Amino acid sequence: MDCLFCKIIAGEIPSDKVYEDDLIYAFKDIDPQAPVHILIVPKEHIESLDDINESHKDLIFHISLKAKELAAKFGLTKGYRLVNNCKEDGGQSVNHLHYHLLGGRSMAWPPG
Ligand code: 5GP
Ligand code: ZN
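Just so it is clear: in the sequence shown, position 14 is 16 by my numbering, and no numbers are missing.
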């Protein structure tokens with residue numbers, strides 16, 4: 003399958019890994035939008051948040067828990083943002099489900 007994040011998970015494309023387990027792979031974004039910008043990606047190829055179902059319940063919880071742990075590991079004591087861009091209007095550019103963990107600066111709201 004021609005998927006950038008599947009290739010990163012498989013090690014075919016290099017990445018700056020910060021965490022990995024059976025379910026997920028986390029690595030630094032190549033174009034960081036904040037002092038800390040980590041992508042948290044399920045190892046299973048799921049196109050977008052719009053494609054999850056009941057079978058992904060444990061996975062989605064696991065991502066939230068690991069986001070919290072990574073935020074602590076990277077010193078984001080003042081808070082952080084966990085973002086999923088879903089499909090075209092959400093601004094998704096890589097069609098493999100991923101969450102952005104952003105922190106280290108104050109975030110604006112609403113997003114553009
Ligand atoms: P999206 O726009 O789909 O929500 O997020 C995709 C993210 O993947 C972007 O923030 C982009 O900078 C990041 N990205 C794209 N290609 C690569 C790559 O080859 N390596 C890494 N580490 N990040 C990438
Ligand atoms: Zn994929």
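Don't be surprised by glycine CBs; every beta carbon is placed ideally from N, CA and C.
Keep in mind that this is a model prediction, so the values were computed, not measured.
Original post:
ligand 3 heavy atoms versus the CB of C88: any closer than 7 Å?
Top reply: Ligand 3 is not among the ligands present in this structure, which contains only ligand 1 and ligand 2.
Original post:
Unbroken alpha helix (DSSP H) runs of length 4 or more, entirely within the segment 72 to 99: which are they?
Top reply: 89 to 92
Original post:
When you compare only the Cα positions, how much space is there between L41 and D18?
Top reply: Counted from its first residue, the sequence shown places residue 41 at position 39. Counted from its first residue, the sequence shown places residue 18 at position 16. Spanning the two alpha carbons is a distance of roughly 10 Å.
**OP:** Could you check if P112 is buried or exposed, using at least 16 other CB atoms within 10 Å of its CB as the buried criterion?
**Re:** Counted from its first residue, the sequence shown places residue 112 at position 110. By the 10 Å Cβ count, P112 comes out exposed.
Original post:
Going by alpha carbons, who is nearest to V43 out of G81, H102, K70, D91?
Top reply: Here residue 43 refers to the residue found at position 41 of the sequence shown. Comparing Cα positions, the closest option is H102.
**OP:** With DSSP as the reference, please indicate the residues paired to G105 in a beta bridge.
**Re:** The residue labelled residue 105 in the question sits at position 103 within the sequence shown. According to DSSP, which records beta bridges pairwise, G105 is partnered with V38, Y82.
Original post:
Is it the case that the CB of D31 approaches a heavy atom of ligand 1 more closely than 7 Å?
Top reply: Here residue 31 refers to the residue found at position 29 when the sequence shown is read from its first residue. At least one heavy atom of ligand 1 is nearer than 7 Å to the Cβ of D31, so yes.
**OP:** Alpha carbon to alpha carbon, how far is L104 from Q35? Give it in angstroms, no decimals.
**Re:** Here the question's residue 35 lines up with position 33 in the sequence shown. Here the question's residue 104 lines up with position 102 in the sequence shown. Near 7 Å, if we compare the C-alpha coordinates of L104 and Q35.
Original post:
For ligand 1, is there a heavy atom less than 7 Å away from the beta-carbon of H100?
Top reply: Against the sequence shown, residue 100 aligns to sequence position 98. Because some heavy atom of ligand 1 lies under 7 Å away, the Cβ of H100 counts as near it: yes.
Original post:
Going by the CB atoms, is the gap between K68 and I26 shorter than 8 Å?
Top reply: For the purposes of this step, residue 26 is identified with residue 24 of the sequence shown, where counting begins at 1. For the purposes of this step, residue 68 is identified with residue 66 of the sequence shown, where counting begins at 1. Yes, they are a contact pair.
Original post:
Do you know how far the Cα of N86 is from the Cα of G92?
Top reply: Residue 92 sits at position 90 when you count from the first residue of the sequence shown. Residue 86 sits at position 84 when you count from the first residue of the sequence shown. The alpha-carbon atoms of G92 and N86 are separated by roughly 8 Å.
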